[in-house]
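Reading through the structure tokens given below for one structure.
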Amino acid sequence: MVRPAGMTSSRNWTWALPAAGVYATAAVILTWPLARHLTDHLIAHSNPAATSDSPLNAWILTWALHALTHFPTRLFQGNIFYPAPDALAFSDTLLGNQLLFAPVYAATGNPVLGYNLTLLGAFVLNGLSLALLVRSITGQALPALVAGFVYAFAPVRFPHLFHLQLLSAWWAPLAFLAVEAWLREPRMSRMAGAVLAVWCQFLSSAYLGLMLSVLLVPYALWRGWLDRNRLPTVRALRDLALAGLLGAILFLPVTLPYLRSQAQWGHERGLEDQLRYSAQPLSFLAADETNRLYGNLTRRFRRQFAPWETALFVGLVPLGLAGLGLIPRPQGGKAEGTHPATLPRGYLLVGGLGALLSLGPILIWGDEPAQWPLPYLALFLWIPGFRGMRVPARFFLIALIPLAVLAGIGTARLLTWVRQTRQGGTIVAVGVAAALLAGISAESVHTPIRLQRVEAPHEDAPVSSWLAEAAKRGAILEIPFSPSDPVPEALRMLRSTRHWAPMVNGYSGFRPGSYFELAALVNGQGFSDPVLEALEALGVRTLVVHLDELNDADRRLWLQDPPWSRHLELLRAGPAFRLFRITPAASRSTSLQATLALPPTLSTAERFHVGLRLEERSGGPWVNPGPIGRPPVTVIWKPAAGPALPPHEVPVFLPTVLPTGRRYTTVVPLETPATPGAYRLAVEGVGFRVEHAITLEATSPAGENPRADVSWHGPPRVEAVTGAAVEVAVRLRNRGDAIWRERPAGSFGGVPLRRLARLGGLTFWWASADLPDHGSEWRIWGAGQGALWVATPQSYLGKFTVGARWLRDGQPASTDFTPLPQDVFPGQVLDLLWIILAPREPGPYELEVAMQAPPLQPFTAAGGGDPVRVPVLIRRREGGPA
């Protein structure tokens, strides 16, 4: 018979050591061959971005320990993404994992070994923490062992082997354990324990910590209602309120850098990301393709995009045990005020809620959004933190806790029945538990476990020592420098743990705008004298050239002796590398010349996004004195007659550095005054001030006739590899009389639109006819002749956009659209650069680029201008992790 919570002698810990041995053995076997390569290999994946996560997380652990032991107040000032501040705030801190990582790294100095043992240890602690919870419920060791195994080794864990933050989930069961104790005896100390566990889980994984907090509160309230059949007492509500206050005190120091970074760079995930990474109902039947038992059987249920994120099948054995745990038990007595039936029902609720939230903001069916909004949409709109997430499906990782608890209850009932009905029942019960563990293991076998080799510490010791010396002069830049190839960037971060030199390179969940700006500077303009002068003025004093990663032409260039530029001085040379010092420029600029892309006339009381061109003309590089990112720019409207209107500030992206004679274009959001007349508009920021005479009229001077010329801006790509990032650069000329608006217009595809409201960054539209299906906006209610649609700021609903599509044998293979970054007025020219992905199948293709005006369908010559095309050969990507 299952014991209710509170009827266990939890002080007996003799079961924990053999349980840890079982979990450790299973972790080694199910992740094999990782245990053979603990010192010089990391988990990899077939997806390059996923492969980059293992070295990223190893760097995070090492940097955090280094900072905490040397300069704890600079914890978030990681040595990557120079000169961006708060580099650690672009991803998780993983501080909760230092419990495992710090002793290993302190003893060995090997971050790879420390990371791998932390990963294996996460399986062990996951199992032990859940086993502790179930033992407190059942009072039995064997059911606790099985339940911990379900939680630690569920099939949904193994597609995330490269995500240490998602494997580090041992604090979450301890939060439920503390809530169980509080439900038995509502004392503030027990609720404080739950808050502390949630905080530690947040430090281990921001995803799981935030999701845990969303599920834990309704569980506590629901259980309290079921136990007492009444609303929470004043004391219980007081405990919850004080717990919330304690949580705010604990969370504030670790969330402030994230809030500061978000304000500086504008990072957030759009609704498109949320839908891409949401589960669909069939995802609960889908196993990852590497699952030996179910991979092929369930492939029809997997989503096409990032299927490893939405493969949520947990196996038949855990489901069977959980079902057994839900069977109503015979009416029994109460213990310490807890009704025996409430606990399974409470966990069923929280498990169902976690599964529901994993479906994301809008129901996905057949890999396409359906009409029905889901509860996650409310979290996305109103709960802080959820804008920084992109994978709602990970809610299911918290839902594993109720699944495992119910499986533990079911196991306890099964083993109790075995003991009562079989001779030698105890021995038979042990055999049954062992069979259950074997069955769960069989369902969790995934092959191959991909690994990537990383350099051992002694392999680049000379280079590391030289870079440690170079760090005294300034930052370093390692070449090739390619944001579209994250694996080398992540491995360079990991190597930097041997010298800690500040570096321009980096990889993380978010990447700052300065990183892409510098990459475009060196890759688009080469290492000319102006570019080298700009890098040196910024503080980049050393170049590390990896010869073995360059093509033949670039390798010959860097092997020239002496170097081709007077600003390069060779420091060290090896078979596979060159180290150069960058010498300074003769002078530096302190100001920029600014120009606003405005027409003579605008309409009153309207919002515009106006292009701002900044140009260096003083004969030296200009360096942003800070803050970089989106600093406030002052906007002043001054009427021809009367005093100036009150100035106001708007955030504007400004350049990090500008080489001699170069230009930078950004966007200034403006709102015109409501009074017509002649004005002088002044825009003032760091290093520049510009004034512009303009007339405001009560009615819009723009026409309704959109015309465009589209042409390539620079030679287009003629070859690429499957799935690679491809730059598309076009020049657009507005030759009509309509303003190309960055913000949505009042029609789309010939369908009139009525904007109803803006809520949390989303725009809600009413369409009187059916809209073209482009995947960036979703009908959430109604039919084609009268329907409610929702669109994100990234959507191009009602906007002027530029589209690029891949054609094979004249038929579209894939399409990508990008909204215009600014308003383009009649007669103006806009040079646009954006990134699309190459097709995943090799072969000959045509890349077509065209303008789309809101009243028109995409890729039509009328109004949008004639499309431009170029043949592109897509080759299969070679190589990859072993």
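Counting in my numbering, the sequence shown runs from 529 upward without gaps. Yeah, the Cβ is synthetic: ideal placement off N, Cα and C, and Gly gets one too. In this text the structure is predicted, and so the values were computed from the model without any measurement.
Alpha carbon of residue i to alpha carbon of residue j, nearest angstrom
i       : j       : result
PRO1372 : ARG1336 : 7 Å
ALA1206 : ARG788  : 39 Å
SER1239 : GLU1376 : 11 Å
TRP710  : ALA771  : 12 Å
TYR1192 : ILE1164 : 22 Å
PHE609  : PRO1058 : 21 Å
LEU642  : ARG564  : A quick correction: the sequence has Gly, not Leu, at residue 642. Each residue's Cα considered, the two are about 14 Å apart.
SER1452 : ALA1003 : In this structure the chain extends from 529 to 1410, so residue 1452 is not present and cannot be described.
ARG1106 : LEU1066 : 21 Å
ALA1047 : ALA734  : 29 Å
PRO1347 : ARG831  : 27 Å
PRO1174 : ASP1080 : 59 Å
LEU1401 : ALA1378 : 20 Å
VAL556  : THR818  : 17 Å
GLN1121 : LEU1182 : 13 Å
GLY848  : LEU964  : 11 Å
PRO903  : GLY888  : 8 Å
ARG797  : LEU738  : 16 Å
For residue i, the three-state DSSP class (helix, strand or coil)
i       : result
ILE588  : helix
HIS598  : helix
MET1031 : strand
GLY865  : Note that GLY865 scores a pLDDT of 31, beneath 50, so its modelled location is shaky; the value from the coordinates is reported in the next line. Coil.
ALA1248 : strand
HIS573  : coil
GLY1242 : coil
PRO1155 : coil
PRO856  : coil
GLY1102 : strand
TYR786  : helix
ARG827  : helix
TYR1192 : strand
ASP1344 : strand
Check whether residue i and residue j have beta carbons under 7 Å apart
i       : j       : result
ALA1332 : ILE1364 : yes
ASN607  : PRO1008 : no
TRP1268 : VAL1352 : yes
LEU743  : ALA725  : no
ARG1235 : ARG1263 : yes
LEU840  : PHE924  : yes
VAL640  : THR567  : yes
GLY624  : SER732  : yes
THR1123 : ARG1141 : yes
TRP836  : ASP816  : yes
LEU1224 : THR1132 : yes
ALA998  : THR1070 : yes
VAL723  : LEU774  : yes
LEU670  : LEU928  : no
ALA617  : PRO781  : no
THR870  : ARG751  : yes
TYR1035 : LEU584  : yes
Classification of residue i by the beta-carbon crowding that lies within 10 angstroms, buried from 16 upward
i       : result
GLN729  : buried
ARG820  : exposed
ASP1103 : Rather than Asp, the amino acid found at residue 1103 in this sequence is Pro. PRO1103 should be labelled exposed.
GLU1247 : exposed
ALA615  : buried
PHE812  : buried
VAL1032 : buried
THR601  : exposed
LEU768  : buried
ALA1366 : buried
SER574  : exposed
LEU545  : exposed
LEU1060 : buried
Practice task
Decide if the segment 1210-1226 is in contact with the segment 1147-1165; the criterion is three or more beta carbon pairs, one per stretch, under 8 Å apart.
Solution key: yes
Problem - the segment 1040-1060 / the segment 974-985 touching (three or more Cβ pairs under 8 Å) - result: no
Practice task
Specify whether the segment 931-941 and the segment 891-910 touch according to this definition: at least 3 beta carbon pairs, one from each stretch, less than 8 Å apart.
Solution key: no
Problem - Any 3 or more C-beta pairs closer than 8 Å across the segment 644-651 and the segment 673-693 - result: yes
Exercise for the section: Flag this pair as touching only if the segment 653-672 and the segment 583-600 have three or more C-beta atom pairs under 8 Å; answer yes or no. Expected result: no
Exercise for the section: Could you say if the segment 663-681 and the segment 625-635 meet the contact criterion of at least three C-beta pairs nearer than 8 Å? Expected result: no
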